[in-house]
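**Student:** My questions all concern the structure below.
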Amino acid sequence: MSMIRRYSYPFSAIVGQEALKEALLLNVVNPGIGGVLVRGEKGTAKSTAVRALAAILPEMDVVRDCPCACDPDDADTLCPLCRETLSAAGELPKEQRRVRVTELPVGASEDRVVGSLDMEAALADGRRCFEHGLLAAANRGILYVDEVNLLDDHLVDVLLDAAAMGVNTVEREGLSWSHPARFTLVGTMNPEEGELRPQLLDRFGLCVEVRGMAEPEQRMAVMARRMDFERDPAEFCEHWREKDRLLAESVMTARRLLPGVRADEACMRAVVEQAIAARVDGHRADIVMLKTAKTLAALDGREEVRSEDVRKAAALALPHRMRRKPFEAVGGGPRP
Numbered sequence: 000m001s002m003i004r005r006y007s008y009p010f011s012a013i014v015g016q017e018a019l020k021e022a023l024l025l026n027v028v029n030p031g032i033g034g035v036l037v038r039g040e041k042g043t044a045k046s047t048a049v050r051a052l053a054a055i056l057p058e059m060d061v062v063r064d065c066p067c068a069c070d071p072d073d074a075d076t077l078c079p080l081c082r083e084t085l086s087a088a089g090e091l092p093k094e095q096r097r098v099r100v101t102e103l104p105v106g107a108s109e110d111r112v113v114g115s116l117d118m119e120a121a122l123a124d125g126r127r128c129f130e131h132g133l134l135a136a137a138n139r140g141i142l143y144v145d146e147v148n149l150l151d152d153h154l155v156d157v158l159l160d161a162a163a164m165g166v167n168t169v170e171r172e173g174l175s176w177s178h179p180a181r182f183t184l185v186g187t188m189n190p191e192e193g194e195l196r197p198q199l200l201d202r203f204g205l206c207v208e209v210r211g212m213a214e215p216e217q218r219m220a221v222m223a224r225r226m227d228f229e230r231d232p233a234e235f236c237e238h239w240r241e242k243d244r245l246l247a248e249s250v251m252t253a254r255r256l257l258p259g260v261r262a263d264e265a266c267m268r269a270v271v272e273q274a275i276a277a278r279v280d281g282h283r284a285d286i287v288m289l290k291t292a293k294t295l296a297a298l299d300g301r302e303e304v305r306s307e308d309v310r311k312a313a314a315l316a317l318p319h320r321m322r323r324k325p326f327e328a329v330g331g332g333p334r335p
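Note that numbering that gives the first Met the number 0 gives residue 217 to position 218 of the sequence shown, counting from 1, and the numbers run on in steps of one.
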């Protein structure tokens, strides 16, 4: 029986929302940036952009049937099940698959997110039996959390800790289980429905504000492209395939360049000055800005950070951390 093919709306075909698209690209090139928080109204292509981004990323090698999609060539990041298999068989079965988007539903329990240990099995015969959660499914992929501001603060803390550490650890009654949890975190929220605590806002690497476009021509382009996609998804995707391919190549090139990108003292001083002017707490903003500036340079095919990279990085890394407005005082000009 043939499978019905599902088409993702092409990333390159999304009209406007340039800050959102750039923030997503930066995070897939450099997950160490720490994810992106998307603030704004519904119906502005947030989820469409996330799914479209995953579709252009290249396939990756994974351990066959592994719930964490472990990298078979990286023994240091294997989950306990893969380590046991490698120890017993001397090798791991491989397969290729696309990067996945794991969505966290509103109302999900902590056990559903982090996983759970079967205490009955542990007490009966001493076996550690672990039921993997969404963090395992998101490993090496994208974790999409809609309405993150409506989640319990403790659950948001758990997500951010896993994203920062790259590991998820579950402890119950003296037993523990750890598995890799390296993912790109994308959270969305409507500020009118409630804000995140400042401590949680600060943990997101970047933040972008999205809203419906006011220009008639852009709104007409959104409608026209959507109608074309719904009329013939195959033809529409083929039309945009080359642009998506070039974008995917730029991501892979940026990943290769990133380790060698340099920031001189002047650029590092500019980062510090932006953070001081914004009156942000701590040093996280400085570090995220520098990582973002380096990643911007890599995406542009360069190995040196420029002053414009720092300005763009500040516009993405500072607004949600600022204690005082307006943003105009922190360079980069006013927000639209």
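Each residue gets a CB set at the ideal place from its N, CA and C atoms; glycine is no exception. It should be emphasised that the depicted structure is a prediction, and the values quoted were computed from it without experimental measurement.
(1) To the nearest angstrom, how far is it from the Cα of phenylalanine 326 to the Cα of proline 318?
(2) From this set, Glu21, Ser108 and His282, which residue's C-alpha is nearest arginine 320's C-alpha?
(3) How long is the line joining the alpha carbons of alanine 12 and aspartate 227, rounded to whole angstroms?
(4) Once you ignore the five residues that flank proline 9 on each side, which residues in its own chain have a CB closer than 7 angstroms to its CB?
(5) Given a cut-off of 7 angstroms on the beta-carbon distance, is the pair histidine 131 and proline 66 in contact?
(6) Quick check on DSSP: helix, strand or coil for valine 221?
(7) Could you give the first and the last residue of the continuous beta strand (DSSP E) run that contains methionine 212?
(8) Please state if the CB of alanine 284 and the CB of alanine 316 are separated by a distance shorter than 7 angstroms.
(9) I think arginine 96 touches valine 61, with their Cβ atoms under 8 angstroms apart; what is that distance to the nearest whole Å?
(10) Measure from the alpha carbon of leucine 246 to the alpha carbon of each residue in Tyr6, Leu25 and Ala163, then state which is nearest.
(11) Going by CA-CA distance only, name the one from Lys311, Leu154 and Val166 that's closest to glycine 106.
(12) With a Cβ-Cβ cutoff of 7 angstroms, do proline 141 and alanine 53 count as a contact?
(13) In or out: tyrosine 6 buried (at least 16 other Cβ within 10 Å) or exposed?
(14) Taking C-alpha atoms, which residue in Leu103, Ser108, Arg99 and Asp70 lies nearest to glutamate 90?
(15) Are leucine 199 and glycine 34 closer than 7 angstroms when you measure CB to CB?
(16) Specify, as a first and last residue, the run of the alpha helix (DSSP H) that serine 7 falls within.
(17) Whose C-beta lies closer than 8 angstroms to the C-beta of leucine 205 among residues of the same chain, with five residues either side of it excluded?
(18) Starting from serine 177, trace the alpha helix (DSSP H) both ways and give me its first and last residue.
(19) Which ranges does the beta strand (DSSP E) cover as unbroken runs of at least 3 residues, wholly within the region 61–141, from first to last along the chain?
(20) Can you find the residues in the same chain that come closer than 8 angstroms, C-beta to C-beta, to lysine 93, ignoring five residues on each side of it along the sequence?
(21) Roughly how far, in whole angstroms, is the beta-carbon of glutamate 302 from the beta-carbon of valine 260, given that I think they are within contact range, below 8 angstroms?
(22) Can you tell me where the beta strand (DSSP E) with arginine 171 in it begins and where it stops?
(23) Helix or strand or just coil, what does DSSP make of valine 47?
(24) Determine the direct distance from the alpha carbon of alanine 274 to that of aspartate 160, and round the result to whole angstroms.
(25) With a CB to CB cut of under 6 angstroms and the five nearest residues on each side skipped, what residues in its chain are close to valine 279?
(26) Evaluate proline 179 with the Cβ neighbour count: other Cβ atoms within 10 Å of its Cβ, from every protein chain shown; 16 or more gives buried, anything less gives exposed.
(27) From what residue to what residue does the alpha helix (DSSP H) around arginine 255 run?
(28) The beta strand (DSSP E) spanning valine 35 covers which residue range?
(29) On the DSSP bridge list, what partners appear for cysteine 206?
(30) Give the single residue among Arg99, Arg38, Thr43 and Cys78 whose Cα lies nearest to the Cα of glutamate 58.
(31) Check each candidate in Phe129, Lys293 and Val209 and name the one with the smallest Cα separation from arginine 171.
(32) Applying the criterion that 16 or more other CB atoms from any shown protein chain within 10 Å of the CB defines a buried residue, is glutamine 16 buried or exposed?
**Tutor:** On the basis of the coordinates in this document:
(1) Taking the first residue of the sequence shown as position 1, residue 326 is located at position 327. Taking the first residue of the sequence shown as position 1, residue 318 is located at position 319. Its pLDDT being 42, under 50, phenylalanine 326 is placed unreliably by the model, and the measurement read from it follows with that caveat. So the alpha carbons of these two residues sit roughly 7 angstroms apart.
(2) Numbered from 1 along the sequence shown, position 321 holds the residue referred to as residue 320. Comparing Cα positions, the closest option is His282.
(3) Along the sequence shown, read from residue 1 onward, the residue named residue 12 stands at position 13. Along the sequence shown, read from residue 1 onward, the residue named residue 227 stands at position 228. Whole-angstrom Cα-Cα distance: 11 angstroms.
(4) By one-based count along the sequence shown, residue 9 stands at place 10. Once the five neighbours on either side are set aside, the close Cβ partners of proline 9 are Ala51, Cys236, Trp239 and Asp243.
(5) Taking the sequence shown and counting its residues from 1, one reaches residue 131 at position 132. Taking the sequence shown and counting its residues from 1, one reaches residue 66 at position 67. A contact, by the Cβ cut-off of 7 angstroms.
(6) Locating residue 221 in the sequence shown gives position 222, counting from the first residue. In this structure, valine 221 counts as helix in the three-state DSSP scheme.
(7) On the sequence shown, position 213 is the one that residue 212 refers to. No beta strand (DSSP E) holds methionine 212; DSSP gives it neither H nor E.
(8) The residue you call residue 316 lines up with position 317 of the sequence shown. The residue you call residue 284 lines up with position 285 of the sequence shown. Yes.
(9) What you label residue 96 is simply residue 97 of the sequence shown in a count that begins at 1. What you label residue 61 is simply residue 62 of the sequence shown in a count that begins at 1. Contact holds; Cβ gap of about 6 angstroms.
(10) Reading the sequence shown from its first residue, position 247 is the one you call residue 246. It is Leu25.
(11) Sequence index remark: in the sequence shown, residue 106 carries index 107 (1-based). Nearest option by C-alpha distance: Leu154.
(12) Within the sequence shown, residue 141 is the residue found at index 142, counting from 1. Within the sequence shown, residue 53 is the residue found at index 54, counting from 1. Before going further, note that residue 141 is isoleucine rather than proline in the sequence given. It is a contact, given that the beta carbons lie within the stated cut-off.
(13) In the sequence shown, residue 6 corresponds to position 7, counting from 1. Its Cβ having fewer than 16 others within 10 Å, tyrosine 6 is exposed.
(14) If you number the sequence shown from 1, residue 90 lands on position 91. It is Asp70 whose Cα lies nearest to the Cα of glutamate 90.
(15) Taking the first residue of the sequence shown as position 1, residue 199 is located at position 200. Taking the first residue of the sequence shown as position 1, residue 34 is located at position 35. It is not a contact, given that the beta carbons lie outside the stated cut-off.
(16) One-based indexing of the sequence shown puts residue 7 at position 8. Note, serine 7: premise wrong, no alpha helix (DSSP H); not H, not E.
(17) The residue you call residue 205 lines up with position 206 of the sequence shown. Contacts found: Ala22, Leu25, Asn26, Ile32, Gly33, Gly34, Val35, Leu36, Val287, Thr291, Leu315 and Ala316.
(18) Stepping through the sequence shown from its first residue, residue 177 is reached at position 178. No alpha helix (DSSP H) contains serine 177, which is instead part of the beta strand (DSSP E) from 174–179.
(19) 93–96 and 100–103
(20) On the sequence shown, position 94 is the one that residue 93 refers to. The residues are Asp60, Val61, Val62, Arg63 and Pro71.
(21) Here the question's residue 302 lines up with position 303 in the sequence shown. Here the question's residue 260 lines up with position 261 in the sequence shown. With a Cβ gap of about 5 angstroms, glutamate 302 and valine 260 count as contacting.
(22) Position 172 of the sequence shown holds residue 171. Per DSSP, arginine 171 belongs to the beta strand (DSSP E) from 166–171.
(23) On the sequence shown, residue 47 is found 48 positions in, with the first residue counted as 1. According to the sequence as given, residue 47 is threonine; it is not valine. Looking at threonine 47 - three-state DSSP - the assignment turns out to be helix.
(24) Taking the first residue of the sequence shown as 1, we reach residue 160 at position 161. Taking the first residue of the sequence shown as 1, we reach residue 274 at position 275. Between aspartate 160 and alanine 274, the C-alpha separation is close to 23 angstroms.
(25) By one-based count along the sequence shown, residue 279 stands at place 280. Cβ neighbours of valine 279 beyond the five flanking positions: Arg320.
(26) Taking the first residue of the sequence shown as position 1, residue 179 is located at position 180. That one is buried.
(27) Mapped onto the sequence shown, residue 255 falls at position 256. Its alpha helix (DSSP H) spans residues 232–256.
(28) Position 36 of the sequence shown, counting from 1, holds the residue named residue 35. Here the beta strand (DSSP E) through valine 35 covers 35–39.
(29) Position 207 of the sequence shown, counted from the start, is the residue given in the question as residue 206. Cysteine 206 pairs with Leu36.
(30) Your numbering for residue 58 matches position 59 in the sequence shown. It is Arg99.
(31) As a first step, residue 171 is located in the sequence shown; it is residue number 172 there, counting from the start. For the residues Phe129, Lys293 and Val209, the minimum Cα distance to arginine 171 belongs to Phe129.
(32) The sequence position of residue 16 within the sequence shown is 17, counting from 1. The residue is buried, with at least 16 neighbouring Cβ atoms inside 10 Å.
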